[in-house]
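Engineer:
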Amino acid sequence: MIISPCNGDIVGSTIELTYALEKGTKGDRVQALSTAHTKRHTGKHQIMVTVADHDHALLATSDAIEIEVK
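Numbers in our numbering are just positions in the sequence shown, counted from 1, shifted up by 760.
1. Give the DSSP bridge partners of Glu-826, in chain order.
2. Assuming Leu-793 is part of the beta strand (DSSP E), what are its boundary residues?
3. Which residues does DSSP pair with Ile-763 in a beta bridge?
4. Give the DSSP-derived three-state secondary structure of Ile-775 in the structure shown.
5. Are the beta-carbon atoms belonging to Met-808 and Ala-820 less than 8 angstroms from one another?
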């Protein structure tokens, strides 16, 4: 679960991503993905956190938010 930033937040060009996993999740890898990997960083972007196992197979656990970069 993504703790911060919150869905709909307006942020600057640099953010700190904070997330938490529930005990019992069988994943041991977390992947953070962003649509902001373009030359044009301003505007609305999605951030997604997914969980994978030791073989990098994605688990059903994921969370996503949308932010706006000013």
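Every residue gets a Cβ at the ideal spot worked out from N, C-alpha and C, and that includes glycine.
Structural biologist: On the basis of the supplied data:
1. By 1-based counting over the sequence shown, the position of residue 826 is 66. According to DSSP, which records beta bridges pairwise, Glu-826 is partnered with Gln-806.
2. The count along the sequence shown starts at 1 and reaches residue 793 at position 33. Taken as a continuous stretch (DSSP letters only), the beta strand (DSSP E) holding Leu-793 covers 789-794.
3. The count along the sequence shown starts at 1 and reaches residue 763 at position 3. Answer is none; Ile-763 lacks a bridge partner.
4. For the purposes of this step, residue 775 is identified with residue 15 of the sequence shown, where counting begins at 1. Looking at Ile-775 - three-state DSSP - the assignment turns out to be coil, as it is neither helix nor strand.
5. If you number the sequence shown from 1, residue 808 lands on position 48. If you number the sequence shown from 1, residue 820 lands on position 60. Contact annotation: Met-808 and Ala-820 have beta-carbon atoms that are not nearer than 8 angstroms.
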